[in-house]
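Read the structure below first, then the notes.
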Amino acid sequence: MNSLRINFLLFTLHVSVSTIFGDTPNILFIVSEDNGPEMRCYGTPIDTPHLDRLAQQGTLFRNAYVPQAGCSQSRAAFLTGLYPHQNGQIGLATWKYSMYSAKFDNVVKTLKQVGYRTGLLGKLHINPKDAFPFDFKAVSKSNFSRSNMVEYTRQAKRFIGASERPFYLQVNYPDAHRPFLNAVDNLPEKPLTGKDVVSLPYMGIDHPELRQQTADYYNCMIRLDTHIGSLLKALKDSGKTDNTVVVYIGDHGADLLRGKRTSYEGGVRIPMIIRWPGAKNGQDREELVSTLDLYPTFCEIANMPVPKALAGRSLRSILHGGFPEWRKYLFTEYHVHSNHNPWPQRSVRDKRFKLIYNPLAGEVNPGYAFTFGKKFFKTPEAELLASTSETVRAAYRLMKRPPLYELYDLQEDPYEFNNLADEPSLAKTQGRLIAELKRWQKESGDAMKQRSVARQLFRMIQSAGTEKRDALDYKPFMQLP
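In the numbering used here, the protein residues as written are 4 to 484.
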């Protein structure tokens, strides 16, 4: 009798939960580290069958971007829906950079308000941590050693199956962050070597060492794909695939030359794939989208109003096959990563052209020497540059001591080697992009439109050295009063 009563109560509870939440979709949000769109479905000839299949079943975005090419900065942006200069997370959390306040609306708080269970696997990497009240956390470390990677799927399976309430689960994988590990637990089974590849094209240098670095990076991507495949299988085994929106992004580009910690395409352009059951599948879209668009999209998935203060817009219409009037301009920014490499910067692009604004024009960019000085580069800078063309060498000289403006024709020069700023034939284009950048800076409350403010921020970070300061110390240099 007691057994029958318990079973009846469990059935009643299940019916009640189903009645309350109906068909509210779950959200599985997969984030990988330090990788751009280097996978087969984006045109790179490496084996990524699980991500390729996800793209076939959903929507692949060709022109997806992060607001800043840094781990903490990118993650704070997609969870708050605000640019780094708006939320305060302008540098790494491990260097004590932080959001100005724990009171910002964010994805976790918002979804909890409408009954979602919220889970986090892997690192958060944002300050303050208590701004994001996840119900469930596991594998709460960076795990750059890639130890016990099966734990991600095991913990995900545990969380997904724990309740019939809708869930938001964010899974943060360590691949493809440095160090590039060729094989972990026999993954991949046949690691690539430098003889199998050419260097990533946006570096512009096809040198044996950079080929090996590229191969090592690709091995991380192949392993990442395998683990994502295991995660998606666990979702399928749970029986919840048909009511779960799956979102996959990289947090920014690879830690290679002209990638991470820059405003170049190799740093800010990322993969973004979204599968929404019942939406249009097999889409390959060209719109300019940002990870800032994810928070409003999650709100619409949860059938709730989108907070007005967010910088992005919902992708719902696009995902369902619509062609809404969309943004003509997309903006990114850079401030600092660790205190070794401050370099205030802003960029704007349209469908074809991209403008980068360097308010500290004429000074040496510390990030240049920081990247070339990384211990994983064994070949001297001069030798690497001697192996390439004068056009590419000029691009590196420009990166070292940037001018006020850089202008690139992404249609003809997708890797941004030829600066066209001040070309008479493109004067109108350059003027239009500068005007749009200034408009955005005003609307978003960006104090960096004043070169003197950028210089003050730069000097303040340089003077701090290894000292780690409070975010509010930097706020006067980030936001307009």
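Virtual Cβ for every residue (Gly too), placed ideally from N, Cα, C. Owing to the predicted nature of the structure, the values given are computational and were not obtained by experimental measurement.
Original post:
Would the beta-carbon of Tyr408 fall within 8 Å of that of Tyr360?
Top reply: yes
**OP:** Would you kindly check if the distance between the Cβ of Tyr205 and the Cβ of Arg261 is under 8 Å?
**Re:** yes
Subject >> Beta-carbon spacing of Pro310, Ala457 below 8 Å >> reply: no
Subject >> Whole-Å CB distance - Asn246 paired with Pro28, under 8 Å assumed >> reply: 6 Å
**OP:** Determine the DSSP secondary structure at Asn222, reduced to helix, strand or coil.
**Re:** helix
**OP:** Could you give the DSSP three-state label for Phe81: helix, strand or coil?
**Re:** helix
Subject >> Inside the segment 24-89 only - alpha helix (DSSP H) runs reaching at least 4 residues >> reply: 52-60 and 74-83
Original post:
My guess is that Gly434 and Trp279 are in contact by the Cβ rule of under 8 Å, so how many angstroms apart are they, rounded?
Top reply: Wrong, their Cβ atoms sit about 40 Å apart, outside the cutoff.
**OP:** To the nearest angstrom, report how far apart Leu429 and Thr265 are at their CA atoms.
**Re:** 24 Å
Original post:
What are the start and end residues of the alpha helix (DSSP H) that includes Val339?
Top reply: Segment: none, Val339 is in no alpha helix (DSSP H) and carries neither H nor E.
Subject >> Classification of Ser455 by the beta-carbon crowding that lies within 10 angstroms, buried from 16 upward >> reply: exposed
Subject >> Given Arg214 as reference, the closest of Tyr411, Phe380 and Ser466 once Cα atoms are compared >> reply: Phe380
**OP:** Identify the continuous beta strand (DSSP E) that holds Pro274 and give its terminal residues.
**Re:** Arg272 to Arg278
Original post:
His323: buried (16+ other C-beta within 10 angstroms of its C-beta) or exposed?
Top reply: exposed
Original post:
Who does Phe170 pair with in a DSSP beta bridge?
Top reply: Arg120
**OP:** Just the C-alpha distance for Ala67 and Val34, rounded to the nearest angstrom, thanks.
**Re:** 14 Å
Original post:
What is the DSSP secondary structure of Met481, reduced to helix, strand or coil?
Top reply: coil
Subject >> Closest residue to Phe373 among Arg288, Leu259 and Leu436 (Cα-Cα distance) >> reply: Leu259
Original post:
Going by the CB atoms, is the gap between Lys263 and Asp253 shorter than 8 Å?
Top reply: Per the sequence presented here, residue 253 reads as Gly, with Asp not at that position. No, they are not a contact pair.
Subject >> Reduced DSSP secondary structure (H/G/I, E/B, other) of Gly197 >> reply: helix
Subject >> Given Lys140 as reference, the closest of Val117, Arg149, Phe147 and Val111 once Cα atoms are compared >> reply: Val111
Original post:
Going by DSSP, which residues form a beta bridge with Gln286?
Top reply: Thr62
Original post:
Per DSSP, Arg352 is paired with what?
Top reply: Leu333 and Lys357
**OP:** Identify the continuous alpha helix (DSSP H) that holds Thr497 and give its terminal residues.
**Re:** Residue 497 cannot be examined here, being either before or after the span of the chain that is shown, 4 to 484.
**OP:** Report buried or exposed for Ile9, applying the criterion of at least 16 other Cβ atoms within 10 angstroms of its Cβ.
**Re:** Any reading at Ile9 must be qualified, since the residue scores a pLDDT of 46, below 50, and its modelled position is unreliable; no value is offered.
Original post:
Is Pro299 closer than 8 Å to Leu313 when the C-beta atoms are compared?
Top reply: yes
**OP:** Name the two residues that bound the continuous alpha helix (DSSP H) containing Tyr155.
**Re:** Val153 to Ile163
**OP:** Could you tell me how far apart the beta carbons of Asp178 and Arg226 are, in whole angstroms, since I believe they sit closer than 8 Å?
**Re:** 6 Å
Original post:
Going along the chain, which residues of its own chain have a beta-carbon closer than 8 Å to the beta-carbon of Ala467, five neighbours each way excluded?
Top reply: Asn342
**OP:** Starting from Lys140, follow the beta strand (DSSP E) in both directions and report where the run begins and ends.
**Re:** Phe139 to Ala141
Original post:
Quick one: is Thr15 buried, meaning 16 or more other Cβ sit within 10 Å of its Cβ, or exposed?
Top reply: Any reading at Thr15 must be qualified, since the residue scores a pLDDT of 43, below 50, and its modelled position is unreliable; the value itself is stated next. With fewer than 16 other Cβ atoms within 10 Å, it is exposed.
Original post:
Does DSSP classify Arg422 as helix, strand or coil?
Top reply: Sequence check: residue 422 is Asn here, not Arg. Here Asn422 sits in coil by DSSP.
Original post:
Less than 7 Å between the CB of Pro177 and some heavy atom of the ligand NAP, yes or no?
Top reply: With respect to small molecules bound, the structure shown includes none, and the ligand NAP cannot be examined in it.
**OP:** Quick one: give me the first and last residue of the alpha helix (DSSP H) that Glu409 is part of.
**Re:** Looking at the DSSP string, Glu409 is not in any alpha helix (DSSP H); the run it does join, the beta strand (DSSP E), is Tyr408 to Asp412.
**OP:** Quick one: give me the first and last residue of the alpha helix (DSSP H) that Val395 is part of.
**Re:** Glu393 to Lys403
Original post:
What is the DSSP secondary structure of Asp449, counted as helix, strand or coil?
Top reply: strand
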